[in-house]
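What follows is a set of notes on a single structure, which appears directly below.
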């Protein structure tokens with residue numbers, strides 16, 4: 058008999074999500090484009106970056122604090138463009154440390170291009186791939202998450218790639234950089250690359266209304282019928298927002314624990330009292346057990 062779900066080995070516990078009216082877990086901290094809620098800021102970033110990529114403008118930058126949805130956005134861009142016949146997308150989840158050559162090798166490997174041991178040789182391999190690909194009407198796109206970790210030498214090599222041209226004179230590839238706010242600071246010390254940034258967007262924490270909308274969207278995306286009574290009552294939103302400060306990843310983590318607790322206690326809805334009691338009795342829910 059499970060007395061406290063938060064003390065349960067979840068490798069042996071399979072939540073009965075159907076009791077909550079959903080088919081799959083509605084809340085997870087893993088990046089999944091299917092569950093990406095489009096807040097006003099996210100829509101703006103998507104629109105600006107998508108336009109710049111498809112117009113062949115070069116580099117786009119998206120910054121945000123930890124937990125604001127950058128990795129989910131990176132997954133969305135990769136999923137969207139890698140499916141299109143007029144694009145080929147390479148995604149670097151975390152750039153290698155310091156070395157420009159190692160970054161070029163990582164990009165080459167993601168594109169299926171031969172990797173070389175010397176920087177100039179690797180640049181030549183990538184140039185041949187980029188120009189040949191664009192000549193066929195396919196535009197290569199590089200997406201780099203955690204881009205605040207890039208070093209000046211690595212920005213230099215990305216800038217050199219932007220110098221390559223397709224047969225019509227346009228840029229031979231596009232790049233999207235996503236990272237913490239330090240990325241903007243680092244770019245200032247890499248002026249040659251910074252001057253080639255076509256658009257900048259920022260992702261900030263959500264307001265209470267967007268917090269409620271995110272929760273509802275993820276429940277619907279997980280299969281919950283919108284005609285059912287609400288799982289999260291309106292008075293539950295404010296304490297969730299206060300606890301998470303509007304950071305999407307934190308919202309999802311708290312809501313995941315609230316749903317698991319609801320399954321254990323046998324309730325049917327989450328209200329303010331339920332949230333407050335959970336926070337009082339499980340203040341360490343973020344910590345590893």
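Residue numbers (my numbering): 58 to 346. Where a beta carbon is used, it is the ideal one built from N, C-alpha and C, also for glycine. These numbers were taken from a predicted model, which means no experiment stands behind them.
Cα-Cα separation between residue i and residue j, rounded to whole angstroms
i, j, result
"residue 82", "residue 188", "43 Å"
"residue 192", "residue 139", "18 Å"
"residue 141", "residue 148", "15 Å"
"residue 228", "residue 97", "30 Å"
"residue 310", "residue 297", "11 Å"
"residue 104", "residue 338", "43 Å"
"residue 253", "residue 110", "13 Å"
"residue 150", "residue 196", "20 Å"
"residue 77", "residue 91", "19 Å"
"residue 318", "residue 306", "19 Å"
"residue 325", "residue 100", "33 Å"
Short Cβ contact (7 Å threshold) for residue i with residue j
i, j, result
"residue 314", "residue 274", "no"
"residue 231", "residue 260", "no"
"residue 216", "residue 250", "yes"
"residue 264", "residue 79", "no"
"residue 272", "residue 289", "yes"
"residue 132", "residue 88", "yes"
"residue 182", "residue 174", "no"
"residue 270", "residue 236", "no"
"residue 107", "residue 256", "no"
"residue 120", "residue 238", "yes"
"residue 292", "residue 328", "yes"
Residue i (DSSP reduced to helix, strand or coil)
i, result
"residue 58", "Model confidence at residue 58 stands at a pLDDT of 40, short of 50, so the residue's coordinates are unreliable; what they give is reported in the following sentence. Here residue 58 sits in coil by DSSP."
"residue 258", "strand"
"residue 285", "coil"
"residue 117", "strand"
"residue 361", "Residue 361 lies beyond the residue range present for the chain, which begins at 58 and ends at 346; the question has no answer from this structure."
"residue 227", "coil"
"residue 323", "coil"
"residue 235", "strand"
"residue 171", "coil"
"residue 110", "helix"
"residue 86", "coil"
Residues bridged to residue i (per DSSP)
i, result
"residue 302", "Answer is none; residue 302 lacks a bridge partner."
"residue 144", "196"
heavy atom of the ligand SAH below 6 Å from residue i C-beta
i, result
"residue 177", "Because no ligand of any kind appears in the structure shown, any question about the ligand SAH cannot be addressed here."
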